[in-house]
Structure formats: structure tokens, C-alpha cells
Amino acid sequence: MLFSVSLGLGQQLSAPPAPSDNLLRIESDLPIRYFPEEREWRTIDGTGTIKINFRELTIFARKARYSEREQILEAEEGLRAIWQDGVEFEGGRARYFVNERRWLIEGGKATFDPAYFGEGVAAPLYLTLQSISGTDEKLIAERGTFSSCDRPHPHYSLRAKSAEALPGDRLILRHVGIYLGETKLFGIGRFTVSLKPRMRQNRLPITPDVGSDRYSGFFVRSSISLFDTRTQSADLVLDWSERRGIGYGIEHDYTTRRLQGGLNFFVQRSPFAGTEQTFSWRHQHQLLPGLLFSAFWDERRNTPFAGQSYTSSSKQFSLRQSWGRGSTELALRMLGYGVYGDDRTWTLNHSMSTGRQFVNVFATLREVSRPGQPTDKELNERIELRRRLSDEWDMALRFEQRVDLDKDKYTGDNFYYALDRTPELSFAFRPRRSSFLRPNITIGLARWSEPQFVGIGQKPLSLTTERLHIRVDSPYQTIKLAGNLSYNHSGVFEQFLYGNDTAQYLYAYRSTLTWRFGERSQMDLSYWLQKHRGYTPFRSDTLTSYENLDWRLQISPSQKFFLSATTGLDIERDFFRDLLLNLRWQPSQGMALDLSTGYSLERGKWQDILGRLLLSKPGGLGLPTYGTFVSYYGFQPTPFAEERPAPPPGGFRSELTFRYSPSQGQWTRVRLFLDWSITRTLRFETLLGYSGVLRKMDITQFRLTKDLHCYQIWAIYNRERREFRVFFVIKAFPIFQQFFGTSDQGAFLDTSLGQVY
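Just so you know, we're using the working numbering here: the sequence shown kicks off at 1 and counts up by one.
1. Which residue wins for smallest C-alpha separation from residue 561, given the options 499, 586, 711 and 481?
2. Give the range of the beta strand (DSSP E) segment to which residue 402 is assigned.
3. Let me know the beta strand (DSSP E) ranges lying completely inside the segment 39-81, each 3 residues or longer, listed in chain order.
4. Cutting at 6 Å between CB atoms, please list the residues of its own chain near residue 581, excluding the five before and the five after it.
5. Answer yes if the segment 713-721 comes into contact with the segment 155-170, meaning at least three C-beta pairs across the two stretches below 8 Å, and no otherwise.
6. Only counting the same chain, and skipping five residues up and downstream in sequence, which positions put a Cβ closer than 6 Å to that of residue 467?
7. With DSSP collapsed to three states, give me the class of residue 271.
8. So, residue 96 versus residue 73, is the Cβ gap smaller than 8 Å?
9. With C-beta atoms as the reference, is residue 190 less than 8 Å away from residue 172?
10. Looking at C-alpha atoms only, which residue of 613, 328 and 588 is the closest neighbour of residue 595?
11. Comparing C-alpha positions only, which one of 708, 676 and 680 sits nearest to residue 702?
12. Would you call the segment 91-105 in contact with the segment 74-83, where contact means no fewer than 3 C-beta pairs closer than 8 Å?
13. Between the C-alpha atoms of residue 289 and residue 335, what's the straight-line distance to the nearest angstrom?
14. So, using beta-carbon positions, are residue 493 and residue 476 closer together than 8 Å?
15. What's the call for residue 139, buried or exposed, on a 16-neighbour Cβ count within 10 Å?
16. CA-CA distance, residue 434 and residue 440?
17. Note down, one range per segment and in chain order, each beta strand (DSSP E) of at least 3 residues found wholly within the segment 590-619.
18. Need the endpoints of the beta strand (DSSP E) that residue 512 sits in, please.
19. Measure the alpha-carbon distance for residue 180 versus residue 115 and round it to whole angstroms.
20. Report all residues from its chain with a CB closer than 7 Å to the CB of residue 649; omit the five preceding and five following residues, and keep chain order.
21. Whose C-beta lies closer than 7 Å to the C-beta of residue 321 among residues of the same chain, with five residues either side of it excluded?
22. Give the C-beta separation of residue 363 and residue 385 to the nearest angstrom, bearing in mind that I take them to be a contact with Cβ-Cβ under 8 Å.
23. Which of the three DSSP states is assigned to residue 156 in this structure?
24. What is the rounded straight-line gap between the Cα of residue 238 and the Cα of residue 176?
25. For residue 732, does the count of other Cβ atoms within 10 angstroms reach 16, so buried, or fall short, so exposed?
26. Based on DSSP bridge pairs, tell me the residues matched to residue 470.
27. Apply the 10 Å Cβ neighbour rule to residue 148 and answer buried if 16 or more other Cβ atoms are within range, or exposed otherwise.
28. What did DSSP end up calling residue 787 once you bin it into helix, strand or coil?
29. Between which two residues does the beta strand (DSSP E) containing residue 389 stretch?
30. Pick from 323, 338 and 317: whose alpha carbon is nearest that of residue 354?
31. Classify residue 338 as helix, strand or coil using the three-state DSSP reduction.
32. For the candidate residues 707, 124, 183 and 184, whose alpha-carbon lies nearest to that of residue 760?
33. So, are the CB atoms of residue 387 and residue 395 less than 8 Å apart?
34. Start and end of the beta strand (DSSP E) containing residue 429?
35. Rounded to whole angstroms, what's the CA-CA distance from residue 333 to residue 459? Just pull it up for me.
36. Mapping DSSP to helix, strand and coil, what is residue 778?
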């Protein structure tokens, strides 16, 4: 043990000869005196603190002593112990026995930061105890109380006669009583709390899941921890429902230095539908440095009463070798459909790169078997080489083809489309300073093979011939005309020559004239032209012709107002495009109105009107809120799955979206979302929807949340699922299931109203 002491005045009493992991560093604002008779260092009473650093532990105190004879370091008065991984302890007195490398802390309270657990914990956890002792690898506590409630008398707690903590692994409580306030609900002999990042997030932690829905009727679901070691953990999953019967299973996770994975097995025995079995296994094993083996196995079996059992499975195994310049992977995927056949696919993928070249080899061997049919066997292979010849020239060589291994035994694959390149060589030239008059040039020479489908029920023919492709494209170039007026344009020319004496060419030109007025407003006039002449024998080279003139106007005098209009003329087909109008008005931070519609210039009719009204109080809650209204302003959909913090007391968020059809004279769809904090502890959320086509409410959902400091009580009603649930939710352990904003199938609701085209 090395020992270093420094005073706040900068005086160094002793220093270690070299850095060491066992170095104990002491820094003090207080005077420190050495007593030769007792062979002790002691702090002298005064104003300040003493700081003790040892590995990942830092201790602050107002009084300390170190005995050279007993080899004991002792700190007390205002004691705070902080570990770097997010654990903080406040207590009465701490002792460190140097020879034994053991700590002893008497009385206090430990705080575990959420970051200490990785994922799955959202609030600090507290452990109040009579004493704690141990080493860096194991801590033993006496008379401990564990809770996420920070009050002197917690609303709920787990009280244990003894506790054992393995840092970074688990906390084991023995002779535990479950308390609600000061009332003991029941006792258990042993309870384990994992201190590792949580792997499973599909089950509710600690609390049971109780409710009723249209598929299960009344149900109760929960899980019980069987064991939780440094490398493994397992839970017993229990599920009972009125209509689906009894379900039980095991969820097992394991992780070591070289391998990790999990195994789940669940059985549901229904008195009405029979037996359902689900098995899944995922595994990763680092066999050697850079060599990784992965496995996945998922199997489901349904056995109805007086019926035939049906089994479906999905299995995948892969071996991947990685090194600095590339990787090689061999994978096998198998899909089983019981008596209906199975699929098997082998995949080989090899990639390697150097400073100037890249090589990729990719091949798949697929076998599909169905009862009463020949096995379909296919081989797809691709080899690609890309090389940088110079700063301006690149070269690529590609070989790709599909081989029908079963020939005419299985004729169903004769109508599969595949383009074979046997081979294809291309050169690309990109000037260092490209411009409209200094274009990019690509030259490709290939031998292509493509099936030609002649008629229904007839075997396709195969066309194989040479192909020469030349492409010249000029990148966009902007020309400043005058003041706020600018012009940008680009052009493309392509020539195709084929070995069967056919050819085609293409030319294209794109340009935009832009006039900017004000800080945020502009008008654009765009002309796009593409024409092609000739003939191609390959479907992959089929080209289209178009000629368009488009007009766009955007007016935004301030950030509170935005108006846009878009229309155009299709010169090729001789018709006007619809006029699209979009408006956003946000007079304040807590209010915004969006409107979108269109007008058909050809038919003289208005299209549907889409709208969204956003309100919030206070305005600082921000807009948009929960909705998934998609307009022309680049707003991204916000799923209901994303939980938002509650508004302040008396505050709310709301979103009203609607779609009105002028041609039908009716509201085709209306959606309302409201998030309202009635009081500091009571929150109300609702999602309502009306369908004008069905002429009824198609979405009706409510969630009432009662906040009780460290935990919440949820009451959820979902008419689409015919479901009512009540949850006892501990804030520190968030629920990962989403029961609000979901459809009758459990999928997240999309409340968008579409777009006007």
C-alpha cells in the first residue's frame, strides 16, 4: 500500500515512488498533524474537508485519522463516499483496513444513479442500512431498506435483515419484507435486484399486469426471478387469462467475456383453443479474435383440440471473420412451414479493400421445397472489383448471373426476372473541377443476358448480346443573373449500342429560374426535358420521355406565417397539374394552424382540405405535439409510443386534425389528442377519432394518471381493443409496453390524414 498526503497549503508530507493501483491519496483543507507516540496522522479541528481517493472511490469528511500501527484509515463527520460508476453514500463513519483492503461504513444511505444500471432504470434508487463492509468485489450490509422513494419514510420499500452487493452485477436481499408505507404486505426469503444493464424489456418489472381485453378477457400476468448471478439470470413467467387459460415459461439470459445470448420458452394452455408453444434462442460466441459465431432459432407450435399440430420455425446460423481490411461471412437461413414445406438459403459474402481498390464476392444458394412439387434450386453469384486509377479515373469490373440448378424439374422459376452481366467493365472520369462544360463521363462495355417473356404459359426466351453505354452528365451550375435573380441548370446525354444492331440515345436538360424577395420568400420556374430515340432489347434500359414546366411560390414575411403554391404544365401530355396550396400560421408559441388543399385546373374542382390546430399552455411546451399529421413543411411524424413529460399543473397540449371533402360536403376524418395536467398529481390523456366514411367514432382511448411521488397509478381504457387496465407503476422502473395510442391489433396508431396530390 502506497500512501500520499498533501495539505491545502501545498505541503507534501510523503510521495509514492511510482504510480500504483493501490495508491491511497489524501488531500485536506484541514491541518494534519503526526503524533509519534501513537504513530497516527490526525486532522486538527477547523473549517474545511478532507478528501480521500482510492481507485474508483472518493470520500469526503470533516475529520480523519490514519494509524500506522493498526494500518487503519478512519473518516467521520459529514461523511460522503462517491464511486465513479454512479453510487453515492452518506453515513456516519468509514474505516479502511489497509492490510485486508476492506471497508467498513457504519450507518447511512446509498444512492444509485440511473446511469449505474445502464438501461431500464429512470430514477435514483436508495439503500438505507445500519452498516456496510467489504472489498471492491463484494459488499455486505446489515439491516437494509431498499426503495426508489427518497423520503425519510418511503411510500414503499423492501426491508432486509442483510444484503449482499456485487458491484456491476446484482444486489441480494435476504429475509425481505415488502412494505407499503409502514404496513408489511408479505415477506420472502430472498430477493435479487440486478445491477446489470437490463436485457429484457418486454415484461413489467416488479409489478403485475392486470386488466381485461377482448381477446383474453380478464387477465393477470407477472414474472418471478429464479436466479441472478454474475453471468446468468432467469425469470419464471406466469400468465393467466379468462379465455386463453394458463400460460407459463422461462426467460433465461447469459453473458460472459466471449459469449452472450438468451433462451425463452413459453406454453399457453387454453381451454378453448388448445396449446400454444413458443421457443426462441439467440446466441453470439467470439470463438477467436475477429471470428464471431451467431445463432438465432425461433419456433412456434399450435395444437388445437381434435386438430393437427402446426409448427413454423425460423433458424439462422452465421460465421463471420473480420480483419482490418475486410470480412468474410458464411450464413445459413432455414424457414420451416410444417407440412407445407421449407426454405433453405446459404449465403457467402466476402469483402476486402485496400487504399485504391475494393473486392466483393457475394453468392446465395436457395432451395425451396413444397409437398408434391420438385425442389427449386437457384444459385445467384456476383463478383465486383472497383479500382481507383487516378484522381480523375475509376474502373469497375462486375460479374453477375443466376443459375437454375434444377433445370426443368421445377418450371415455376422460368418466369423469374434476372439480369446477368457476364461480365461488365466500366470506366468513370470525374474532373477535379467539374462544370457544365467540363462534364463527368462514364463508359461501360458489357455482355448482358435477360429473359424475354413472350406469352402466358410459354417458356421465356433468353436474349444475350453485347452492350456499350456512354454517359455524359454536366452537374448543376448556378449563374447569378442580377440582384436576387439566379439560374441553375444541368444536362445529360446517353448513348446505347447493342450487339444485335440496335441502338438508342437519350438527352435531358433541367433548369430553374429563381427570384428571391424578402428574407424568406422566393418564386421558382423550372423546366425539365428528357427525350429518347431508338430501340433497346433490354427491359433494364427502358427509358421514358417527359417535358414539364413547374411554378412554385413561397411567401414567408416572418417566422409566424408561411404560404406556398405549386402548379405546373405537363407539355408532353398536354395537361395542367393541380394547384397545391399550403398555409402555416403560428401567431404565438403555444398556437399553430396548418392548412393544405389542392385545386384541379383541368376539372375546376377543389380537393380535400387538410387541417391541424395545435394548442398548448404554457406556450413553452412547444409545437408540434403528439400527432402524425404530414404536411408540406417537413414535419416528421411523432408516434404516440414516445412518452412525453407531463405539462405543468393546469397546463395542456392538444392537437385537432381534420379532413373535409368539398365534393362530398362532409368531414371524412377528425382526430383529437389532449394531454391535460388537471392538478400537480392528476393527469388526463385522451385520443378520439371520428370517421365520416363509417359515420362513427373509430378511436376512443383514455388514460388517467395519479402521481403519488415515487409511483403512479394508471387507469387505461381502449375501446378498439375492448380493454381496461389498471397499473401500479414505479417511476424508477418505466413500463416498456405501450397501451395508449395503439390499435386493436396492438400496432401504433397513425393519426395522419394523408396528403393532397
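Glycine included, C-beta positions come from ideal geometry on N, C-alpha and C. All values reported here derive from a predicted model rather than from experimental measurement.
The answer reads as follows:
1. 586
2. 393-404
3. As far as the segment 39-81 is concerned, its whole beta strand (DSSP E) runs of at least 3 residues are 40-43, 50-54, 57-61 and 63-67.
4. 565 and 597
5. No, because fewer than three Cβ pairs between the segment 155-170 and the segment 713-721 fall closer than 8 Å, the two stretches do not touch.
6. If we look at residue 467 and ignore the five residues flanking it on each side, its Cβ neighbours are 446, 448 and 498.
7. Residue 271 falls in the coil class under three-state DSSP.
8. Cβ distance < 8 Å, so residue 96 and residue 73 count as in contact.
9. yes
10. 613
11. 676
12. yes
13. Residue 289 and residue 335 have their C-alpha atoms roughly 31 Å apart.
14. no
15. Residue 139 sits buried, since 16 or more C-beta atoms from the chains shown fall within 10 Å of its C-beta.
16. 7 Å
17. 591-600 and 609-617
18. 503-517
19. Near 27 Å, if we compare the C-alpha coordinates of residue 115 and residue 180.
20. If you ignore the 5 residues before and after residue 649, its C-beta comes within less than 7 Å of the C-beta of 677, 679 and 680, all in its own chain and listed in chain order.
21. 290, 291, 327 and 328
22. The Cβ separation is near 15 Å, so there is no contact.
23. strand
24. Roughly 22 Å separates the two Cα atoms.
25. buried
26. Residue 470 is bridged to 443 and 495.
27. Residue 148 is buried by the Cβ-count criterion.
28. Absent from the structure is residue 787, since the part of the chain shown begins at 1 and ends at 757.
29. First-last for residue 389: undefined, no H or E at that position.
30. 323
31. helix
32. As shown, the chain starts at 1 and ends at 757. That puts residue 760 outside it, with no answer to give.
33. In contact: residue 387 and residue 395 (Cβ atoms closer than 8 Å).
34. From DSSP, the beta strand (DSSP E) with residue 429 extends over 420-429.
35. Taking C-alpha positions only, residue 333 is separated from residue 459 by approximately 31 Å.
36. Because the chain is modelled from 1 through 757, residue 778 falls outside the range shown and cannot be assessed.
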